[in-house]
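Take a look at the structure below.
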Amino acid sequence: MPPGAERIVLNHLPFALDDGIAPRARLGLVVLGCDQTIEYEWRGIFRDLAGVGLYHARIPVDPQITPASLRAMEPLIGPTTDLLLPGHRFDVVAFGCTSASMVLGEEHVMALMNRQKPEARATTPITAVRIALQALDARRIALLTPYREDVNLGIIRYLEERGLEVPVFGSFNEEDDGKVGRMSPASIERAVLELGSQADVDAVFVSCTSIRLVAAAANIERRLGKPVTSSNHAMAWHALRLAGIDDPQPELGQLFTRTLPSA
């Protein structure tokens, strides 16, 4: 500003408020500190859904995924949920860890989130997968995981205790989540096709939010002739449907043409 010139100051300019970037739905996501994948896949799913806002907070966790490291997250779930856009209401809150949802109990995890966001509907990957498989009319599944043996046995038992059958199972047996997030899509696709080609299964479920499957799901389904879903894929679908967003997205696979099943 040149010397001697007077600054023009305009205070208290008028403004109008609108509904922000999430007039249709506001979704909150608790993400593992070591997860490389879920935010990327969810943003891809929501990209064409105008008015749907995604907000996330990261929870500390040991990247060596063991039952003990999963249980250690329990006291951190509530405080991490509280970091999601404080003071704003959410339609849905979601917890981004499949195995911890089973080790801690999905109902308990959702209750911990709802203590901080009581107005929101809650979901976890394993909750979403059970409902997604119901929507797909699939009871006998091929299960693919990256986990070590004790975590694998827990997920199989958890699913079977809730009425699903797991006649086909495969695992990469890798407990380092940093490596799981870098498993190539081609590796995942090859394993899904091998497990899903067995005649005794209705669908394939790929467990773990670090695994990349969403972009390839529809193409794998065309090759396999059966529905395919994953932790990220199913939980994004479930979160949207819980929020009342029923827009069909067939490019994401069969699940994204389905609505929530009747209770």
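Numbering-wise (the working numbering), the sequence shown opens with residue -6 and increments by one. Backbone N, C-alpha and C define an ideal beta-carbon position, used for all residues, glycine too.
Are residue i and residue j closer than 8 Å when you measure CB to CB?
i	j	result
Val185	Leu129	no
Arg205	Ile181	yes
Thr202	Asp28	yes
Arg133	Asp195	yes
Val199	Ser177	no
Val207	Glu34	yes
Leu42	Asp240	yes
Ala15	Ala232	no
Arg51	Gly13	no
Val85	Met66	no
Pro60	Asp170	no
Excluding the 5 residues preceding and the 5 following residue i in the sequence, name in chain order all residues of the same chain whose CB lies nearer than 6 Å to its CB.
i	result
Tyr48	Gly21, Leu77, Leu78
Phe165	Pro139
By how many angstroms is the C-alpha of residue j removed from the C-alpha of residue i?
i	j	result
Arg234	Phe8	34 Å
Ala115	Met95	15 Å
Ile213	Ala113	33 Å
Leu245	Asn225	12 Å
Pro80	Asn145	The identity of residue 80 in the sequence shown is Gly, whereas the question assumes Pro. Each residue's Cα considered, the two are about 39 Å apart.
Phe83	Ala(-2)	49 Å
Thr117	Leu6	44 Å
Val24	Ser190	32 Å
Gly46	Pro(-4)	47 Å
Helix, strand or coil for residue i, going by three-state DSSP, please let me know.
i	result
Ala43	coil
Tyr48	strand
Ser164	strand
Asp239	coil
Ala18	strand
Ser200	coil
Leu186	helix
Could you round the C-beta distance between residue i and residue j to whole angstroms and report it? I think they count as a contact, below 8 Å.
i	j	result
Ile58	Pro254	With 8 Å as the limit, Ile58 and Pro254 do not qualify as a contact, their Cβ atoms being about 30 Å apart.
Ala227	Ala121	4 Å
Gly37	Arg17	18 Å between Cβ atoms; not a contact.
Ile119	Tyr151	7 Å
Ile31	Gly89	5 Å
Leu126	Leu97	Not a contact, Cβ separation roughly 21 Å.
Taking 7 Å as the limit between beta carbons, can you name the residues of its chain near residue i, skipping five residues before and five after?
i	result
Leu188	Ala135, Leu137, Val161, Gly163, Val197
Gln109	Gly71, Thr74, Asp75
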